[in-house]
Ligand code: GAL
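Numbering (our numbering), first residue to last: 210 to 1018.
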């Protein structure tokens, strides 16, 4: 219930919480963050029940920070921060280009400061939740150190209770972004010893929680026996009580589907001070819809603690009912064999490092599930954004989650952090239906039997329902003890072909990486590379998935990788690993063809030519080799060159090639005489009916600059952002090979450009992207225009909506 803003007389003899809260969190020291305090003013609502007891609330605390380099005293209250820069979270400590990141730019100590008014925050408990800060952090409130945290990938909370004052308060977060002995970092060789770069900052969300003296610090909801009529939900509640509660508190749980209540339960307990774990169980659920990639049904679980004299705290979670089992003869979801078809994802983005907001994180899951038709993603090599995982739950994208690590293992203290990371990872995500396996063994490390025994034990104790694993680069079960054998298989066959080693007998067997870039020797898939090389990436991914599908003992395969990412191990001056089937801007390369086409044509008929129809400076695509690939889910492909029927292609049902894929590609020869510039038309047929058509223009007459934004509206909170892609296109909207000129961008309206301007469209290979981010508290229409010296102008418009409320729950 949202209480009205009116005073209710006679309820309390002291100034009510409501009055205090209505005084707002605005104010502070009149610092540069004024627009943000405006934003918060009036949005922190009274959170009290009829007896003036606290109803827990969560607010975004992303806006209104000041940021600068750490100096002595800069975490102290009276430090002069007038020279600091106002920033909104998520935030990266250094500006970045799309390429050539230099770790020296972030390897320092930084400080974020936030001035806020403590009115309304003096009763109950106040916590600040950090979703992720790279690398180590300490939290100082009004000069008092209240919390510190090691490691950049997991959340933690700092309790401010007892340290706040009415009026002005200063929260300082000191962020150490140096190369530290913390997983996955620490190796003597510095950032070049890990394959991906890790720019520092408060790069995920921060929330402020107002809580009663006793609250639910964790709720673990575990659906059990889901395939039987005795299915139930086991709920383990951890309650944190500041003091012992004299009267019994009520703990209740309710499972619902929209407005339909399915089951409920409650208990009464007295509570000692400190942490108490109480179990609840929901039974008698009746028929339940199962969660799966095809039908990711979610139910809502609300767990509520009502503590007389303290207040009310509710935790809402979405849960799903599914049974996921790895066996030596494959992977089984809800009792049925399902071949895992997926990709690895890094959370790095051009320009922003890891600091992208919820919308952009969610978008990655949409791309991987809806565009690339994957049923699983590996979060390589660390726990990823909860927004990304929320989208995985919603979309039915199964998740491999692993503790931060890559190749190296450090000393005892370093290994203790691994244990803590596994604990925090499992606790954070164990109620999610999408997560089906824990990576408790760090990626491609040698055998550390003690360490991995302990990580497995931790995961098992905290969550008995999911198997443990860890991606291996050695093909042997000697001193291997995880539940699922996971192998990074970069095996090759003669003639530039991909192969896979056979599944090891008697163990569940999953391919966690394949193809990548180090094969057959280091090579990369940039937009400027020869079309035949870009097409080869599609062939290799098709080959390994085909093999994985040929034998039921492969649980499935996760290709390396979904998106390009910043790395010192990348070639030349770019410092990018061009391993993605899409680039860092998340634009599908030819290498993504086989992923794009693995969808039922009734959902979406697809035709992806794995070549450019462009003859200027390039050999004609059909002029050499055994033919070019067209990836499609159609039963038949008809090809017309210059209006003439040039061939009819059938999918490669020959098992030697791609016959195990759900939708094998077609290989065709496209006869084009020298000096001709014919148009290409490809028609796709299902059940004898034409369902799709692609046209490609060889002539440059219709070439133009295309531009598109992912969203028509974003929210004016200073964090929200949307991607804007610009590309050289032919008359029909196909990507053109285009090697000259820059794109110059102009943004008008209440938003900022996150990206390089001008952008070297030609040098990048004929396309590029930026993100457009809102400004805190500003709204209105935004126009983005792009101009290229040859391709002309393009324009998109988006709307920035006023942020209605900073309250999250
Ligand atoms: C693997 C590694 C991945 C990535 C890949 C590069 O060995 O696990 O993180 O580095 O190689 O192609």
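The C-beta atom is built at its ideal place from N, Cα and C for all residues, glycine as well.
| query | result |
| --- | --- |
| beta-carbon residue 652 near the ligand GAL non-hydrogen atom, thresh 6 Å | yes |
| Any 3 or more C-beta pairs closer than 8 Å across the region 501-521 and the region 446-465 | yes |
| At least three beta-carbon pairs within less than 8 Å, the region 936-953 to the region 269-289 | no |
| Own chain residues within Cβ distance below 7 Å of residue 243, not counting five before or after | In this prediction, residue 243 has a pLDDT of 30, which is less than 50 and means its spatial position is unreliable; what the coordinates show is noted afterwards. Answer for residue 243: no residue qualifies. |
| Coarse secondary structure for residue 446, derived from DSSP in three states | strand |
| Contact the region 260-270 vs the region 888-896: 3+ CB pairs below 8 Å | no |
| For residue 650, the residue or residues it bridges with in DSSP | According to DSSP, residue 650 bridges with nothing at all. |
| When 503, 498, 1012 and 454 are compared against residue 585, the one with the closest alpha-carbon | 503 |
| Closest Cα partner of residue 452 within the set 517, 951, 471 and 742 | 517 |
| Inter-residue spacing [alpha-carbon to alpha-carbon] between residue 626 and residue 1000 | 53 Å |
| Which residues DSSP lists as bridging residue 1021, in chain order | For residue 1021 there is no data in the structure shown, the boundaries of the chain being 210 and 1018. |
| Three-state secondary structure (DSSP) of residue 974 | coil |
| Residues near residue 774 in its chain [Cβ-Cβ closer than 6 Å; skip 5 each side] | 405, 555, 557 and 786 |
| Proximity test, residue 790 beta-carbon vs the ligand GAL heavy atom, cut-off 6 Å | no |
| Coarse secondary structure for residue 576, derived from DSSP in three states | helix |
| Limits of the unbroken alpha helix (DSSP H) element including residue 626 | 621-638 |
| Residue 697: CB within 6 Å of a non-hydrogen atom of the ligand GAL | yes |
| Buried/exposed call for residue 345, threshold 16 Cβ in 10 Å | buried |
| Alpha carbon of residue 454 to alpha carbon of residue 481, nearest angstrom | 6 Å |
| Cβ-based burial, residue 450 [other Cβ within 10 Å; buried from 16] | buried |
| Per DSSP, the bridge partner or partners of residue 858 | 846 |
| Integer Cβ distance of residue 161 from residue 874, believed to fall under 8 Å | The chain is shown only over 210 to 1018; residue 161 falls outside these bounds and no answer can be derived. |
| Other residues of its chain near residue 444: CB distance less than 8 Å, five sequence neighbours each side excluded | 428, 429, 430, 431, 462, 488, 489, 490, 491, 510 and 512 |
| Three or more C-beta pairs below 8 Å linking the region 747-765 and the region 924-940 | no |
| Sequence-distant residues of the same chain with beta carbon closer than 7 Å to residue 460, five excluded per side | 446, 475, 476, 478, 487, 489 and 514 |
| Beta-bridge partners of residue 391, as assigned by DSSP | DSSP output for residue 391 lists no bridge partner at all. |
| In DSSP terms, what residue 736 is bridged to | In DSSP, residue 736 forms no bridge with anything. |
| Near the ligand GAL: residue 403 beta-carbon under 6 Å from a heavy atom | no |
| Own chain partners of residue 958 with C-beta closer than 8 Å, once the 5 adjacent residues on each side are dropped | 989, 990, 991, 992 and 1009 |
| Residue 603 and residue 588 closer than 7 Å at C-beta | no |
| Counterpart residues of residue 553 in DSSP-defined beta bridges | 587 |
| Span of the alpha helix (DSSP H) around residue 660 | 658-671 |
| Closer than 6 Å: residue 800 CB and nearest the ligand GAL heavy atom | no |
| Residue 412 beta carbon less than 7 Å from that of residue 299 | yes |
| Under 7 Å between C-beta atoms of residue 643 and residue 693 | no |
| Cβ pair residue 720, residue 676 closer than 7 Å | no |
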